[in-house]
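Q:
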Amino acid sequence: MTSTASAFADAPVRLSVVGLAKTYETKQGPVEVIADLTFDVRAAEIACIVGPSGIGKTTLLKCLTGLQSITSGSARIDGEPIDGPPKEMALVFQEYTRSLMPWLTVERNVLLPLRHLRLSKPEQSERITSALAAVGLAGAESKYPWQLSGGMQQRVAIARAIAYRPEVLIMDEPFASVDAQTRFELEDLCIRIRDEFGMTIVVVTHDIDEAVYLSDRVVVLGERPARVTEIIDVELGADRDQITTRSRPEFAALRTRVFEHIRKAG
Ligand SMILES: Nc1ncnc2c1ncn2[C@@H]1O[C@H](COP(=O)(O)OP(=O)(O)O)[C@@H](O)[C@H]1O
Ligand SMILES: [Mg+2]
9 MTSTASAFAD APVRLSVVGL AKTYETKQGP VEVIADLTFD VRAAEIACIV GPSGIGKTTL
69 LKCLTGLQSI TSGSARIDGE PIDGPPKEMA LVFQEYTRSL MPWLTVERNV LLPLRHLRLS
129 KPEQSERITS ALAAVGLAGA ESKYPWQLSG GMQQRVAIAR AIAYRPEVLI MDEPFASVDA
189 QTRFELEDLC IRIRDEFGMT IVVVTHDIDE AVYLSDRVVV LGERPARVTE IIDVELGADR
249 DQITTRSRPE FAALRTRVFE HIRKAG
């Protein structure tokens, strides 16, 4: 494929990862999980991180959100080193069942991070209502998480992140537990919030088609300890549609490329 500049090639770098390495100190001794990762994500880009299970994708996201210390190298947001949870970021965890407070209603769960934003009551309500509507959960405000299916709970976690309107949204396999139809809707929601709010989005996914459909760029992790084995620019344009985009020959070619790199990485 020819390499033309992506739609966001001129945007400033929002997230910059340089030579990032992570070694866990365990009782059995040090475990080197990530050897050396370098990649950028530009403002308002969607980047997907893919790679085999256990390669260190969740570890990377924890380093990016300040939940784990970085052993060497750096991660920066707008040039500032990340050394604790940055307030301009939101994270949607892989283990969504543990990310909602079971004793709070859906509405109060979504409200939690908003309390730090000094919004008026009507603004708070508006954000909660529109975020729940965006994930297809309009009217679920007074339900409790345990009254909802796993997929619905994950959508509440996504609504909470969206309502907060972070500059950078980080999600760890966010759509793994929802049905195919909802997954397509949530993928399109991701693209829509990027377009509407200029959010920069980093998504870990094991679904290659999803990575290509969502991304401006796919970062493939491989080898153990992990390195970036390939960065693939996805030049499918900004207008994407579940049916027409996925049936384009360029889409098939990109999917094959990502698949081959992941297979090599395994
Ligand atoms: N807190 C921890 N302490 C020690 N090892 C860990 C810890 N968290 C993850 N690991 C190890 O790091 C490796 C990568 O894990 P993870 O980041 O969850 O991979 P992925 O998300 O790609 O499946 C695995 O071998 C895992 O056992
Ligand atoms: Mg993981």
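Quick note: the sequence shown uses the numbering used here, first residue 9, plus one each step. C-beta: ideal position from N, C-alpha, C; glycine also.
For the beta strand (DSSP E) containing Asp196, list its first residue and its last residue.
A: Here residue 196 refers to the residue found at position 188 when the sequence shown is read from its first residue. Premise fails: Asp196 lies in the alpha helix (DSSP H), Ala188 to Phe205, not in any beta strand (DSSP E).
Q: Can you look up Asp180 in the DSSP assignment and give me helix, strand or coil?
A: Start at 1 with the first residue of the sequence shown, and residue 180 comes out as number 172. Three-state result, Asp180: strand.
Q: How many angstroms separate the CA atom of Thr213 from the CA atom of Leu197?
A: Indexing the sequence shown from 1 puts residue 213 at position 205. Indexing the sequence shown from 1 puts residue 197 at position 189. So the alpha carbons of these two residues sit roughly 16 angstroms apart.
Q: What does a CB cutoff of less than 7 angstroms around Arg248 pick up in its chain, not counting 5 residues either side in sequence?
A: For the purposes of this step, residue 248 is identified with residue 240 of the sequence shown, where counting begins at 1. Counting only Cβ-Cβ distances below 7 angstroms, and skipping sequence neighbours, we find Ile199 and Tyr221.
Q: So, Val21 versus Thr46, is the Cβ gap smaller than 9 angstroms?
A: In the sequence shown, counting from the first residue as 1, residue 21 sits at position 13. In the sequence shown, counting from the first residue as 1, residue 46 sits at position 38. Not a contact, by the Cβ cut-off of 9 angstroms.
Q: From which residue to which residue does the alpha helix (DSSP H) around Val266 run?
A: As a position in the sequence shown, residue 266 is number 258, starting the count at 1. Its alpha helix (DSSP H) spans residues Pro257 to Ala273.
Q: Got a list of residues with beta-carbon closer than 7 angstroms to any non-hydrogen atom of ligand 2, in chain order?
A: My final list is Lys65, Thr66, Gln102, Asp180, Glu181 and Val212.
Q: Report the three-state DSSP secondary structure of Gly2 (helix, strand or coil).
A: Residue numbering for the chain in the displayed model covers 9 to 274; residue 2 lies beyond these limits and cannot be assessed.
Q: With Pro130 as the anchor, note down where its beta strand (DSSP E) starts and where it stops.
A: Taking the sequence shown and counting its residues from 1, one reaches residue 130 at position 122. That residue, Pro130, is in no beta strand (DSSP E); its alpha helix (DSSP H) goes Lys129 to Ala142.
Q: Hey, Lys272 and Gly206: beta-carbon distance below 9 angstroms or not?
A: Looking up residue 272 in the sequence shown gives position 264. Looking up residue 206 in the sequence shown gives position 198. Result no, Cβ atoms of Lys272 and Gly206 do not sit closer than 9 angstroms.
Q: Using C-beta distances below 7 angstroms, list every residue in its chain close to Ile201, excluding the 5 sequence neighbours before and after it, in chain order.
A: Position 193 of the sequence shown, counted from the start, is the residue given in the question as residue 201. Only Ile170 and Met207 meet the Cβ criterion.
Q: For Ile209, which three-state DSSP category applies?
A: Translated into positions along the sequence shown, residue 209 becomes position 201. DSSP places Ile209 in strand when its eight states are reduced to three.
Q: With DSSP collapsed to three states, give me the class of Ala52.
A: Stepping through the sequence shown from its first residue, residue 52 is reached at position 44. Correct three-state label for Ala52: coil.
Q: Measure the C-alpha to C-alpha separation of Arg263 and Leu69 and round it to an integer number of angstroms.
A: Position 255 of the sequence shown, counting from 1, holds the residue named residue 263. Position 61 of the sequence shown, counting from 1, holds the residue named residue 69. Distance between the alpha carbons of Arg263 and Leu69: 23 angstroms.
Q: Start and end of the beta strand (DSSP E) containing Ile239?
A: Numbered from 1 along the sequence shown, position 231 holds the residue referred to as residue 239. Its beta strand (DSSP E) spans residues Ala234 to Asp241.
Q: Is Thr79 near ligand 1, judged by its Cβ being under 8 angstroms from some heavy atom?
A: Looking up residue 79 in the sequence shown gives position 71. Thr79: no, Cβ never under 8 angstroms from ligand 1.
Q: Going by DSSP, what residue range makes up the beta strand (DSSP E) through Ala146?
A: As a position in the sequence shown, residue 146 is number 138, starting the count at 1. Run containing Ala146: none; DSSP gives neither H nor E here.
Q: Alpha carbon to alpha carbon, how far is Arg84 from Ala219? Give it in angstroms, no decimals.
A: Indexing the sequence shown from 1 puts residue 219 at position 211. Indexing the sequence shown from 1 puts residue 84 at position 76. So the alpha carbons of these two residues sit roughly 23 angstroms apart.
Q: Three-state secondary structure (DSSP) at Arg22?
A: For the purposes of this step, residue 22 is identified with residue 14 of the sequence shown, where counting begins at 1. Residue state, collapsed to three classes: strand.
Q: Can you tell me the Cβ-Cβ gap for Val114 and Lys151, rounded? I've got them flagged as a contact below 8 angstroms.
A: The residue labelled residue 114 in the question sits at position 106 within the sequence shown. The residue labelled residue 151 in the question sits at position 143 within the sequence shown. The pair is a contact, with the Cβ atoms about 5 angstroms apart (cut-off 8 angstroms).
Q: Any heavy atom of ligand 1 inside 8 angstroms of the beta-carbon of Thr237?
A: If you number the sequence shown from 1, residue 237 lands on position 229. Incorrect: Thr237 has no Cβ contact closer than 8 angstroms to ligand 1.
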